[in-house]
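Below you'll find the structure, written out as structure tokens, and then a few comments.
2 protein chains.
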Amino acid sequence: MTEFELINRYFNRPAPSAVLGVGDDCALLAPSPGMQVAVSTDMLLEGRHFLPGTDARRLGHKSLAVNLSDLAAMGAAARWAFLAIALPAADEQWMAAFAEGLYALAGEHGVDLAGGDTTRGPLCIAITVLGEVPPGKALRRAGAGVGDDVWVSGMPGEAALGLAHLRGEVKLDAAAAAHCVARLEAPQPRLELGVRLRGLASGAIDISDGLLGDLGHVLKASGVGAQLQLALMPRSDALRAAPEALVERFQLAGGDDYELLFTAAPAHRAEIAALATGLGLPLTRIGAIVPGPPRARVLRADGREVDPGRGGFDHFASA
Amino acid sequence: MTEFELINRYFNRPAPSAVLGVGDDCALLAPSPGMQVAVSTDMLLEGRHFLPGTDARRLGHKSLAVNLSDLAAMGAAARWAFLAIALPAADEQWMAAFAEGLYALAGEHGVDLAGGDTTRGPLCIAITVLGEVPPGKALRRAGAGVGDDVWVSGMPGEAALGLAHLRGEVKLDAAAAAHCVARLEAPQPRLELGVRLRGLASGAIDISDGLLGDLGHVLKASGVGAQLQLALMPRSDALRAAPEALVERFQLAGGDDYELLFTAAPAHRAEIAALATGLGLPLTRIGAIVPGPPRARVLRADGREVDPGRGGFDHFASA
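Top to bottom, those sequences are chains A and B. Numbering of the first sequence is given in the working numbering, commencing with residue 8 and proceeding in unit increments. Numbering of the second sequence is given in the working numbering, commencing with residue 8 and proceeding in unit increments.
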């Protein structure tokens, strides 16, 4: 058995929900009758999307999580994943840990890894996920209407705070550090929330590049503006303990949260509150959709506007 | 518009066969009722899967072609593609040419690019393709039966000959060089052949890593052996003009041909010959499936056996 075959073995577990899984020229899938198939693909590179030396198990988790998060933002139920990976060396221990993290998350969400490709090269992970959603029920970016509430799940900013801690830019206590680094390295795709938001949310996106940047995509697609209240942004203990200026920036422009940002008519407030309780996941109303250009204004408690600077994260930025 | 958005623009053409194409968290597809979905993903790296400096237009073509070839080997009709690409620089001219090559091939086969991801990094291209095939009609590796003929499409070995020419290991005349380099850099996925082989072929695979290596996968999956006649291997003018020892090696173990290798009962010989005529594509019977261990013996005209050495191409080989 060559090194190559050895590595491939780690991704050759049975895929019971596939007609045919790993081991032929293609996988064969039988989508549920009448369902549409949602597909997303994301590529992760060492040094750009994750720090060199990131724990392999967590990286396996995160690589799949960021893709599943796109399905969540679409309101799709996750079904299948495909992994293409380049590895600088055939490091069996690393690969076993990576596979463990990936399969554990897949198992939690009923996702089968049904195929892939392994090669030698600079560490690069490209995953494609497939999910299912009934026709007309997908959560689109283009659906936010004037007067809708703007909601966010979880505690945006924690992942960026975890990254700042790892980089030594901020010093968190042990509990907060562990919590925020886990949010960075092992985000939880909000798949159940996405499915439950069908028929409730008018627009949705996941927060991968920062809240304002991603909200901007919704506003642009919907042709509306937004007004957010900084005081309404949810704060965990970890966020409350961090320096104020950093927290604002991380909440509004920190990446890697993989929470859902969505809009919904005020008539749905009670249902959404009940959903938060049912899922044990904070869902916070942070503002409203307003007429105007596709831009989000963020107001402080005293009515002054926050200057968010550049909100998103540009992979081609010269940073 | 940032560099990143600029690059993304090249892959944002309409995808009319998708319910929703590029521009949301996921693409939305509506598979044809009752069809199964075939999925394959392949990652291509500079220096490993293609030579540095490969013409961008041809690379766009080839990146999609090698994936479509997997659908062809499955007998699936190609429908959609997803591209994840890392680029060392935001080179607009390169990207325009790459996109042109990719979209041209997609257009030829009715494939819509319905989504993707672009980032900065060492040149790396991961494409996932989706096709459709009726239940029970997919061409599997595990189906070859004792007594079946072994067939191959096209002229295996030409791509390896083109590579040898580019590397200066062999000197071809201008016409042969152009032909063989085109076979290497712009292979034609045999999609129509794959679809037409439904119900005819008992086993199939595409030749990406060399004929014997890929045949070995069919034999292993089917639990049979094979006996091939070297004299039956098809030879184009380019192959006939090259040194004999090289040609044998390239025919049996050269990679990158993306021809189909398939098995079929002798009862189908006339139909397959008619198919070759109809498609204008040589289909050559090169041997037969025999009982025994999953190994292919290749016999010379005088009955001596060719020692193929290591037939396949191992991405983790220490070469």
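Don't be surprised by glycine CBs; every beta carbon is placed ideally from N, CA and C. Note that the structure is predicted; figures quoted are calculated from it, not measured.
Rounding to the nearest angstrom, what Cα-Cα distance links B:VAL26 and A:ASP62 in this structure?
Distance between the alpha carbons of B:VAL26 and A:ASP62: 38 Å.
Looking at B:ILE134: is its Cβ nearer than 7 Å to the Cβ of B:LEU222?
no
Candidates A:GLU192, A:PRO129 and A:VAL159, of which the one nearest A:GLY201 by Cα:
Looking at the Cα atoms, A:VAL159 is the closest of the given residues.
Span separating the alpha-carbon of A:HIS116 from that of A:LYS69:
14 Å
Any idea if A:ARG174 is buried or exposed, counting beta-carbon neighbours within 10 angstroms, 16 or more meaning buried?
exposed
Does the beta-carbon of B:SER39 have 16 or more other beta-carbons within 10 angstroms, so that it is buried, or is it exposed?
exposed
Got a sec? Which residues, its chain only, sit under 6 Å from A:GLU53 by beta carbon, not counting five neighbours each side?
PRO59 and LEU130
Extent of the continuous beta strand (DSSP E) run through B:ALA89
Residue identity check: residue 89 of chain B is Phe in the sequence provided, not Ala. Following the DSSP letters along the chain, one finds B:PHE89 inside the beta strand (DSSP E) bounded by residues 84–94.
Do B:ALA295 and B:GLN234 come within 7 Å of each other at the CB atom, strictly closer than that value?
yes
N-terminal and C-terminal residue of the beta strand (DSSP E) that A:MET102 is part of:
Here A:MET102 belongs to no beta strand (DSSP E); instead the alpha helix (DSSP H) covers 99–115.
Residues of chain A with CB under 8 Å from B:ALA83, in chain order?
CYS33
Cβ contact (3+ pairs, closer than 8 Å) linking the segment 192–212 of chain A and the segment 275–292 of chain A
yes
Is the Cβ-Cβ distance between A:ALA93 and A:THR48 less than 7 Å?
no
In chain A, which residues lie less than 8 Å from B:PHE18 when you measure between Cβ atoms?
Under the 8 Å cutoff, chain A gives no residues; its nearest Cβ is about 11 Å from B:PHE18.
Note down, in chain order, every chain A residue with its Cβ under 7 Å from the Cβ of B:GLN43.
VAL26, LEU35, LEU36 and ALA37
If distances are taken between C-alpha atoms only, which option among A:ARG242, A:ALA111, A:SER229 and A:ALA184 comes closest to A:ALA271?
Looking at the Cα atoms, A:SER229 is the closest of the given residues.
Below 8 Å, how does it come out for the segment 100–109 of chain A and the segment 166–180 of chain A: are there three or more Cβ pairs, yes or no?
no
Name the DSSP bridge partner or partners of A:GLY232?
Note: A:GLY232 sits in a beta bridge opposite A:VAL297.
State the Cα-Cα distance for the pair A:VAL153 and A:ASN15, rounded to the nearest angstrom.
The straight-line gap separating the alpha-carbon atoms of A:VAL153 and A:ASN15 is approximately 51 Å.
Whole-angstrom Cβ separation of A:LEU120 and A:ALA113, contact assumed at under 8 Å?
6 Å
Buried versus exposed call for A:ASP314 [16 or more other C-beta atoms within 10 Å across all chains shown]
A:ASP314 counts as exposed, since fewer than 16 other beta carbons sit within 10 angstroms of its beta carbon.
Which listed residue (A:ALA22, A:MET50, A:GLY30 and A:LEU51) has its alpha carbon closest to that of A:ALA37:
A:ALA22
Of the listed residues B:ASP124, B:VAL254, B:VAL231 and B:GLN100, nearest to B:PRO241 (C-alpha basis)
Answer by Cα proximity: B:VAL254.
Contact belief for A:MET50 with B:ALA80 at Cβ below 8 Å, rounded distance in angstroms:
Rounded, the Cβ-Cβ distance is 25 Å, inconsistent with contact.
Taking C-beta pairs closer than 7 Å, name the residues in chain A that B:ASP98 reaches, listed in chain order.
Those within 7 Å of B:ASP98 in chain A number zero; the least Cβ separation is about 11 Å.
Burial state of A:GLY287 (16 or more Cβ within 10 Å):
exposed
Whose CA, out of A:MET42, A:ASP156, A:VAL73 and A:TYR17, lies closest to the CA of A:PRO194?
A:VAL73
Identity of the residues DSSP links to B:LEU191 by a beta bridge:
Partner(s): none; B:LEU191 has no beta bridge.
Check the Cβ of A:CYS187 against every Cβ in chain B and list those closer than 8 Å, keeping chain order.
By Cβ distance, chain B contributes nothing, its closest Cβ being about 24 Å from A:CYS187, past 8 Å.
Step through the CB atoms of chain A and report whether any lies within less than 7 Å of the CB of B:ARG317.
Only weak support exists for where B:ARG317 lies, its pLDDT of 48 falling under 50; the coordinates are left without a value.
Segment limits, beta strand (DSSP E) that includes A:SER49:
The identity of residue 49 of chain A in the sequence shown is Asp, whereas the question assumes Ser. Counting along the chain, the unbroken beta strand (DSSP E) around A:ASP49 starts and ends at 43–52.
Going along chain B in order, which residues have a C-beta closer than 7 Å to the C-beta of A:SER47?
ASP32, CYS33 and GLY122
Given B:ASP98 as reference, the closest of B:ASP124, B:PRO250, B:TYR17 and B:ALA185 once Cα atoms are compared
B:TYR17
Backbone secondary structure at A:ARG148 - three-state DSSP
coil
Run through DSSP, which three-state label would A:PRO21 get?
coil
A:THR284 at chain B interface by Cβ criterion, 7 Å
A:THR284 does not count as touching chain B.
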